[in-house]
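Report on the following structure.
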Amino acid sequence: MMDLTEYTEYYTLFPTLVQSTLHPEADRINPPLLEEIYRLYQMTPDGRDERSSSSAFTTMWSLNDLHTRSVFKELSEFIISELNIFAKEQSIKLSNNGPIIKEMWFNIINDYQCFDIHAHSNCLFTGVYYLKASKDSSPLVLKSENIDKMLVCSTDAKNDYNTVSHEITPAPGLLTLFNANVRHSTWAILHKEERVSVSFTAVV
8 MMDLTEYTEY YTLFPTLVQS TLHPEADRIN PPLLEEIYRL YQMTPDGRDE
58 RSSSSAFTTM WSLNDLHTRS VFKELSEFII SELNIFAKEQ SIKLSNNGPI
108 IKEMWFNIIN DYQCFDIHAH SNCLFTGVYY LKASKDSSPL VLKSENIDKM
158 LVCSTDAKND YNTVSHEITP APGLLTLFNA NVRHSTWAIL HKEERVSVSF
208 TAVV
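Count along the sequence shown from 1, add 7, and you get the number used in our numbering.
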(Lines of atoms letter the chains of each structure in order from A and count residues from 1; the text may use other names and numbers.)
(Lines give C-alpha, C1' and ligand atoms only; values in the text may rest on other atoms or scores of the structure.)
Protein backbone atom coordinates (compact mmCIF):
# COMPACT_ATOMS: atom_id res chain seq x y z
CA MET A 1 0.00 0.00 0.00
CA MET A 2 1.23 3.48 -0.81
CA ASP A 3 2.65 5.47 2.11
CA LEU A 4 0.54 8.63 2.37
CA THR A 5 2.26 10.08 5.44
CA GLU A 6 3.50 13.19 3.65
CA TYR A 7 -0.02 13.89 2.39
CA THR A 8 -1.70 13.46 5.77
CA GLU A 9 -2.32 16.11 8.42
CA TYR A 10 -3.46 15.67 12.01
CA TYR A 11 -5.46 18.25 13.95
CA THR A 12 -5.84 18.72 17.67
CA LEU A 13 -9.30 20.23 17.93
CA PHE A 14 -10.95 21.90 20.92
CA PRO A 15 -8.08 21.63 23.41
CA THR A 16 -8.86 22.40 27.05
CA LEU A 17 -6.53 24.88 28.74
CA VAL A 18 -5.73 24.43 32.43
CA GLN A 19 -3.38 26.74 34.32
CA SER A 20 -1.61 25.89 37.59
CA THR A 21 0.56 28.40 39.45
CA LEU A 22 2.33 27.93 42.78
CA HIS A 23 2.28 31.11 44.86
CA PRO A 24 5.92 31.93 45.74
CA GLU A 25 4.95 33.35 49.14
CA ALA A 26 2.37 30.80 50.24
CA ASP A 27 4.13 30.32 53.58
CA ARG A 28 3.44 33.98 54.33
CA ILE A 29 -0.11 34.47 53.04
CA ASN A 30 -1.67 31.13 53.98
CA PRO A 31 -1.55 31.22 57.83
CA PRO A 32 -3.78 34.31 58.29
CA LEU A 33 -6.19 32.96 55.68
CA LEU A 34 -6.42 29.64 57.50
CA GLU A 35 -6.99 31.42 60.80
CA GLU A 36 -9.88 33.40 59.31
CA ILE A 37 -11.38 30.33 57.64
CA TYR A 38 -11.35 28.37 60.90
CA ARG A 39 -13.02 31.33 62.61
CA LEU A 40 -15.73 31.45 59.93
CA TYR A 41 -16.09 27.67 60.06
CA GLN A 42 -17.29 27.90 63.67
CA MET A 43 -20.20 30.19 62.75
CA THR A 44 -21.15 29.25 59.17
CA PRO A 45 -23.64 26.50 58.26
CA ASP A 46 -22.63 23.84 55.77
CA GLY A 47 -23.55 24.99 52.28
CA ARG A 48 -23.68 21.62 50.53
CA ASP A 49 -26.37 20.96 47.98
CA GLU A 50 -28.86 18.67 49.72
CA ARG A 51 -28.71 16.31 46.72
CA SER A 52 -24.95 15.81 47.09
CA SER A 53 -23.61 12.46 48.26
CA SER A 54 -20.54 14.20 49.68
CA SER A 55 -20.19 14.92 53.38
CA ALA A 56 -17.34 17.41 52.94
CA PHE A 57 -17.90 20.91 54.31
CA THR A 58 -18.30 23.80 51.87
CA THR A 59 -19.69 27.33 52.07
CA MET A 60 -20.50 27.43 48.36
CA TRP A 61 -24.15 28.22 49.08
CA SER A 62 -23.85 29.65 52.59
CA LEU A 63 -20.87 32.06 52.49
CA ASN A 64 -19.54 32.86 49.02
CA ASP A 65 -18.35 36.47 49.32
CA LEU A 66 -14.83 35.90 50.64
CA HIS A 67 -13.38 38.08 47.87
CA THR A 68 -15.12 41.12 49.37
CA ARG A 69 -13.41 40.68 52.75
CA SER A 70 -10.16 42.47 53.54
CA VAL A 71 -8.41 39.35 54.82
CA PHE A 72 -8.74 37.78 51.36
CA LYS A 73 -7.72 40.91 49.41
CA GLU A 74 -4.18 39.75 48.55
CA LEU A 75 -5.37 36.29 47.52
CA SER A 76 -8.11 37.82 45.37
CA GLU A 77 -5.58 40.09 43.64
CA PHE A 78 -3.33 37.10 42.95
CA ILE A 79 -6.25 35.18 41.46
CA ILE A 80 -7.27 38.14 39.29
CA SER A 81 -3.73 38.55 37.96
CA GLU A 82 -3.59 34.86 37.04
CA LEU A 83 -7.07 35.00 35.48
CA ASN A 84 -5.81 37.82 33.24
CA ILE A 85 -3.03 35.56 31.99
CA PHE A 86 -5.41 32.62 31.62
CA ALA A 87 -7.88 34.67 29.57
CA LYS A 88 -5.16 36.12 27.34
CA GLU A 89 -3.77 32.65 26.64
CA GLN A 90 -7.19 31.85 25.17
CA SER A 91 -7.38 35.20 23.32
CA ILE A 92 -10.48 36.12 25.29
CA LYS A 93 -11.33 39.79 24.90
CA LEU A 94 -11.38 41.47 28.29
CA SER A 95 -13.26 44.59 29.31
CA ASN A 96 -11.49 47.46 31.03
CA ASN A 97 -12.49 45.90 34.33
CA GLY A 98 -10.78 42.64 33.42
CA PRO A 99 -11.86 39.35 35.02
CA ILE A 100 -14.23 39.76 37.96
CA ILE A 101 -14.57 37.25 40.76
CA LYS A 102 -18.24 36.42 41.08
CA GLU A 103 -18.22 34.13 44.10
CA MET A 104 -15.57 32.80 46.46
CA TRP A 105 -16.04 30.20 49.20
CA PHE A 106 -14.02 27.74 51.26
CA ASN A 107 -14.00 23.95 51.53
CA ILE A 108 -12.80 21.67 54.32
CA ILE A 109 -12.37 17.99 53.47
CA ASN A 110 -11.53 15.40 56.11
CA ASP A 111 -10.52 11.75 55.86
CA TYR A 112 -12.67 9.59 53.58
CA GLN A 113 -14.58 12.58 52.20
CA CYS A 114 -14.80 13.74 48.58
CA PHE A 115 -16.63 16.10 46.23
CA ASP A 116 -19.00 14.80 43.54
CA ILE A 117 -18.35 15.51 39.87
CA HIS A 118 -19.79 18.89 38.88
CA ALA A 119 -19.35 22.01 36.76
CA HIS A 120 -20.26 25.66 37.39
CA SER A 121 -22.98 27.57 35.55
CA ASN A 122 -23.48 31.30 34.89
CA CYS A 123 -19.74 32.03 34.84
CA LEU A 124 -16.75 31.65 32.51
CA PHE A 125 -13.90 30.57 34.77
CA THR A 126 -13.49 28.64 37.99
CA GLY A 127 -10.60 27.48 40.09
CA VAL A 128 -9.23 26.45 43.44
CA TYR A 129 -6.45 27.68 45.72
CA TYR A 130 -5.07 25.24 48.29
CA LEU A 131 -4.30 26.48 51.78
CA LYS A 132 -3.64 23.14 53.44
CA ALA A 133 -2.93 19.75 51.85
CA SER A 134 -0.61 16.85 52.58
CA LYS A 135 1.93 15.56 50.07
CA ASP A 136 -0.14 12.46 49.29
CA SER A 137 -3.51 14.19 49.25
CA SER A 138 -6.12 12.88 46.84
CA PRO A 139 -6.20 14.71 43.49
CA LEU A 140 -8.46 17.19 41.83
CA VAL A 141 -9.77 15.30 38.79
CA LEU A 142 -10.73 17.15 35.61
CA LYS A 143 -12.97 15.22 33.22
CA SER A 144 -12.88 15.28 29.43
CA GLU A 145 -16.08 15.46 27.41
CA ASN A 146 -14.94 12.13 25.96
CA ILE A 147 -15.90 10.47 29.23
CA ASP A 148 -19.50 10.47 27.97
CA LYS A 149 -18.70 8.02 25.17
CA MET A 150 -20.69 4.81 25.37
CA LEU A 151 -17.80 2.74 24.02
CA VAL A 152 -14.13 3.31 24.85
CA CYS A 153 -11.30 1.69 22.90
CA SER A 154 -8.40 -0.01 24.63
CA THR A 155 -5.12 1.85 24.17
CA ASP A 156 -1.40 1.08 24.21
CA ALA A 157 -0.54 4.32 26.03
CA LYS A 158 -2.23 7.42 27.35
CA ASN A 159 -1.90 10.59 25.29
CA ASP A 160 -3.75 13.84 24.56
CA TYR A 161 -6.06 12.07 22.11
CA ASN A 162 -7.41 9.31 24.34
CA THR A 163 -7.20 10.65 27.89
CA VAL A 164 -10.60 11.14 29.53
CA SER A 165 -9.40 12.65 32.81
CA HIS A 166 -6.46 14.48 34.32
CA GLU A 167 -5.36 14.51 37.95
CA ILE A 168 -3.83 17.50 39.73
CA THR A 169 -2.17 16.91 43.08
CA PRO A 170 -2.97 19.63 45.63
CA ALA A 171 -0.20 21.52 47.41
CA PRO A 172 -0.30 24.53 49.73
CA GLY A 173 -0.14 27.67 47.58
CA LEU A 174 -1.21 25.96 44.35
CA LEU A 175 -3.76 27.84 42.24
CA THR A 176 -5.46 25.92 39.43
CA LEU A 177 -7.69 27.65 36.86
CA PHE A 178 -9.94 26.17 34.19
CA ASN A 179 -13.05 27.03 32.21
CA ALA A 180 -16.24 26.69 34.23
CA ASN A 181 -17.83 24.12 31.91
CA VAL A 182 -15.09 21.57 32.68
CA ARG A 183 -16.50 18.93 35.00
CA HIS A 184 -14.37 18.13 38.01
CA SER A 185 -14.36 16.22 41.27
CA THR A 186 -12.17 15.35 44.23
CA TRP A 187 -11.42 11.76 45.07
CA ALA A 188 -11.94 10.54 48.61
CA ILE A 189 -9.06 11.14 50.99
CA LEU A 190 -7.98 7.68 52.12
CA HIS A 191 -6.03 8.64 55.23
CA LYS A 192 -6.22 11.01 58.18
CA GLU A 193 -6.04 14.50 56.73
CA GLU A 194 -7.78 17.84 56.77
CA ARG A 195 -7.56 19.70 53.47
CA VAL A 196 -8.57 23.34 53.20
CA SER A 197 -9.11 25.18 49.94
CA VAL A 198 -10.72 28.31 48.53
CA SER A 199 -12.80 27.97 45.36
CA PHE A 200 -14.25 30.68 43.14
CA THR A 201 -16.05 31.51 39.92
CA ALA A 202 -15.33 34.48 37.65
CA VAL A 203 -16.69 36.38 34.66
CA VAL A 204 -15.24 38.98 32.28
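A virtual CB, placed ideally from N, CA and C, is assigned to each residue, including glycine.
Values in this document were obtained by computation on a predicted structure and should not be read as measured data.
Coarse secondary structure for residue 110, derived from DSSP in three states
The count along the sequence shown starts at 1 and reaches residue 110 at position 103. Strand, per DSSP.
Please report the distance separating the alpha-carbon of residue 174 from that of residue 140.
Here the question's residue 174 lines up with position 167 in the sequence shown. Here the question's residue 140 lines up with position 133 in the sequence shown. Answer to the nearest angstrom: the Cα atoms are 15 Å apart.
At least 3 beta-carbon pairs within less than 8 Å: the region 78 to 91 vs the region 120 to 129
no
Should residue 69 be counted as a contact of the ligand SAH given a C-beta to heavy atom distance under 7 Å?
With respect to the ligand SAH, the structure shown offers nothing to examine, as it has no ligands at all.
Look at the Cβ atom of residue 89, then the Cβ atom of residue 184, and state whether they are nearer than 8 Å.
On the sequence shown, residue 89 is found 82 positions in, with the first residue counted as 1. On the sequence shown, residue 184 is found 177 positions in, with the first residue counted as 1. Yes, Cβ-Cβ distance for residue 89 and residue 184 is below 8 Å.
Run through DSSP, which three-state label would residue 172 get?
As a working mapping, residue 172 is identified with position 165 in the sequence shown. Three-state result, residue 172: strand.
Express the C-alpha separation of residue 9 and residue 7 in angstroms, rounding to a whole number.
Because the chain in this structure spans residues 8 to 211, residue 7 falls outside the shown range and cannot be described.
Can you check which of these residues, 106, 115, 199 and 186, is closest to residue 211 by C-alpha distance?
On the sequence shown, position 204 is the one that residue 211 refers to. Per the Cα distances, 106.
For a test of the three-state rule: what should DSSP assign to residue 136, helix, strand or coil?
Numbered from 1 along the sequence shown, position 129 holds the residue referred to as residue 136. Strand.
Please report the Cβ distance between residue 47 and residue 180, rounded to the nearest whole angstrom; I am assuming they are in contact, meaning their Cβ atoms lie under 8 Å.
Counting from one through the sequence shown, the residue named residue 47 turns up at place 40. Counting from one through the sequence shown, the residue named residue 180 turns up at place 173. With 8 Å as the limit, residue 47 and residue 180 do not qualify as a contact, their Cβ atoms being about 20 Å apart.
Since residue 117 is in the beta strand (DSSP E), which residue starts that stretch and which ends it?
Walking along the sequence shown from the start, residue 117 turns up at place 110. Note, residue 117: premise wrong, no beta strand (DSSP E); not H, not E.
With a CB to CB cut of under 8 Å and the five nearest residues on each side skipped, what residues in its chain are close to residue 51?
Sequence index remark: in the sequence shown, residue 51 carries index 44 (1-based). Around residue 51: 66, 69 and 70.
Going by beta carbon distance, what residues of the same chain come within less than 7 Å of residue 122, once the five residues before and after it are set aside?
Within the sequence shown, numbered from 1, the residue matching residue 122 stands at position 115. The residues are 61, 63, 192 and 193.
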